[in-house]
Amino acid sequence: MDFWVELEQNLKMILMPESALSIKGPQYYTLHKQAGLVMVLGTDRQHLQIAEYLKRLKEAVSTQVIIEAKIIEVTLDNEFKSGINWSQLGGDIHVTASLGTQVTPHPVHGFTSRDVFSFSVDHEKFSSVLNLVKKFGTVRTLSNPRLTVMNNQPAMLKVATNEVFFHLEFERYFQAEGKPDVENISSDAMTVPIGLVMVVQPSVNLQTGEITMTLRPTISRVQKEVEDPAVAIKSQQKVKSTIPVVQVRELDSVLKIKSGQVLVMGGLMEDRSSYTSASVPVADSIPLFGEFAKGKDDDRKTTELVIFLTAHIAEDSYIVEADERIYNTYTEDPRPLRF
Numbered sequence: 001m002d003f004w005v006e007l008e009q010n011l012k013m014i015l016m017p018e019s020a021l022s023i024k025g026p027q028y029y030t031l032h033k034q035a036g037l038v039m040v041l042g043t044d045r046q047h048l049q050i051a052e053y054l055k056r057l058k059e060a061v062s063t064q065v066i067i068e069a070k071i072i073e074v075t076l077d078n079e080f081k082s083g084i085n086w087s088q089l090g091g092d093i094h095v096t097a098s099l100g101t102q103v104t105p106h107p108v109h110g111f112t113s114r115d116v117f118s119f120s121v122d123h124e125k126f127s128s129v130l131n132l133v134k135k136f137g138t139v140r141t142l143s144n145p146r147l148t149v150m151n152n153q154p155a156m157l158k159v160a161t162n163e164v165f166f167h168l169e170f171e172r173y174f175q176a177e178g179k180p181d182v183e184n185i186s187s188d189a190m191t192v193p194i195g196l197v198m199v200v201q202p203s204v205n206l207q208t209g210e211i212t213m214t215l216r217p218t219i220s221r222v223q224k225e226v227e228d229p230a231v232a233i234k235s236q237q238k239v240k241s242t243i244p245v246v247q248v249r250e251l252d253s254v255l256k257i258k259s260g261q262v263l264v265m266g267g268l269m270e271d272r273s274s275y276t277s278a279s280v281p282v283a284d285s286i287p288l289f290g291e292f293a294k295g296k297d298d299d300r301k302t303t304e305l306v307i308f309l310t311a312h313i314a315e316d317s318y319i320v321e322a323d324e325r326i327y328n329t330y331t332e333d334p335r336p337l338r339f
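Letter by letter, the sequence shown follows residues 1 to 339 in my numbering.
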């Protein structure tokens, strides 16, 4: 809903008289959206109510949240194909969600994966979580973004490659006998993100210092490509137009954490397989002995995506020390910013 529409509705409710007898004079307001000015004419009580309402509204709307994310991919070792055993954290770290290794179908697209879950830990215990993850396989960092978000406003974290495919349009105009047909072919480039796209929306409770996080991670990859038969039929030529078949896994989650806590989301697993073959020319065609001149390699990998997310309520405007150090080290500016 529009901010100004809600503000006008609330001002009307506050200025609404309790009864016809309580009306002692005109009560109205004027609102200048571009300048952000509100002029109110009403009773002393209404002025106090509107002042308190605008004070709380300003605090809530102007609050900013600094979100830092670390997205890693763990290539699991052969003995840990079932996924990271997060229950090993139970004895050392207090978590806010049940931990386990139960295997269930994915609720959105039916992919069999271990339960997708999330929990929060204190920032001091974050190193213990990282050490646990490293025990189960090879860790690779995909992205480490940091951004500032206004309260109750969505933000997007994207670690993806735009897969390109084309939408073809073919037109043929038949001419009179003896004249060649006129063909008109046009194409529009279309893209689909392949990778991780996560929408984050924080909601701050200034009284308790808690942040309610609405998370929607989406993981996609190209499973195969299919041909569009209409292109070849219309063109009457051997023209191929392929469209990617995208495998998508996504979920919605709403969690509450304290400012500064680390949110951990795991269980996003994926199986990858590749098949390669090689052979010695001529020798591979010899009966019986040809099989010995061929080599096959079937590589199967299981990966688990782990997302670490931390949020801080930006109570005051300040410059992060790491940002200032990076700016001073790698920026040559004749007119530098003064921190």
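A virtual CB, placed ideally from N, CA and C, is assigned to each residue, including glycine.
Residue i vs residue j beta-carbon contact at 8 Å
i	j	result
Val-202	Ala-314	Here residue 202 turns out to be Pro, not Val, going by the sequence shown. No. Outside cutoff.
Arg-272	Glu-250	no
Ser-263	Leu-206	Checking the sequence, you will find Leu at residue 263 rather than Ser. Contact flag unset, no.
Val-199	Pro-154	yes
Tyr-151	Ala-69	Here residue 151 is Asn; the residue named in the question, Tyr, does not match the sequence. Result no, Cβ atoms of Asn-151 and Ala-69 do not sit closer than 8 Å.
Leu-142	Ile-67	no
Gln-46	Gln-64	no
Met-269	Glu-304	yes
Tyr-29	Leu-11	yes
Val-149	Val-306	no
Leu-37	Glu-8	no
Cβ shell of residue i (< 8 Å), same chain only, five flanking positions each side left out
i	result
Asn-162	Thr-191, Val-192, Pro-193 and Ile-194
Ala-160	Pro-193, Ile-194, Gly-195, Leu-196, Val-197 and Ser-220
Val-164	Ala-189, Met-190 and Thr-191
N-terminal and C-terminal residue of the beta strand (DSSP E) that residue i is part of
i	result
Gln-247	242–250
Ala-160	155–173
Lys-70	64–76
Asn-184	182–205
Met-13	Not the beta strand (DSSP E): Met-13 falls in the alpha helix (DSSP H), residues 3–15.
Thr-30	28–32
Sequence-distant residues of the same chain with beta carbon closer than 6 Å to residue i, five excluded per side
i	result
Pro-107	Note that Pro-107 scores 38 on pLDDT, short of 50, meaning its location in the model is unreliable and no value can be drawn from it.
Leu-21	Low confidence applies to Leu-21: its pLDDT is 43, below 50, so where it sits in the model is not reliable, and the reading given next is rough at best. Result list for Leu-21: empty, nothing under 6 Å.
Gln-223	Val-245 and Gln-247
Ser-186	Glu-169
Cβ-based neighbour list, residue i, same chain, cut-off 7 Å, excluding 5 preceding and 5 following
i	result
Met-13	none
Gly-137	Val-74, Thr-75, Leu-76, Asp-77 and Phe-80
Asp-228	Ser-241 and Ile-243
Pro-145	Ala-69 and Leu-157
Beta-bridge pairing of residue i - partner residues as DSSP gives them
i	result
Met-150	Gln-64
His-312	Ile-66
Arg-140	Glu-73
Glu-304	Val-74 and Met-269
Leu-255	Met-213
Thr-208	Thr-208 is not bridged to any residue.
Glu-225	Pro-244
Ile-219	Leu-196 and Arg-249
Delimiting residues of the alpha helix (DSSP H) encompassing residue i
i	result
Lys-179	First-last for Lys-179: undefined, no H or E at that position.
Asn-85	Counting along the chain, Asn-85 falls outside any alpha helix (DSSP H), and DSSP gives it neither H nor E.
Lys-134	126–134
Task: Inter-stretch contact at 8 Å, needing at least 3 Cβ pairs: the stretch 75–83 / the stretch 142–160 - done: no
Open item on the list: For the pair the stretch 199–218 and the stretch 242–256, tell me if three or more CB-CB distances fall below 8 Å.
Closed with: yes
TODO: Spell out a yes or no on whether the stretch 162–180 and the stretch 28–41 are touching, meaning 3 or more CB-CB pairs, one atom from each, closer than 8 Å.
DONE: no
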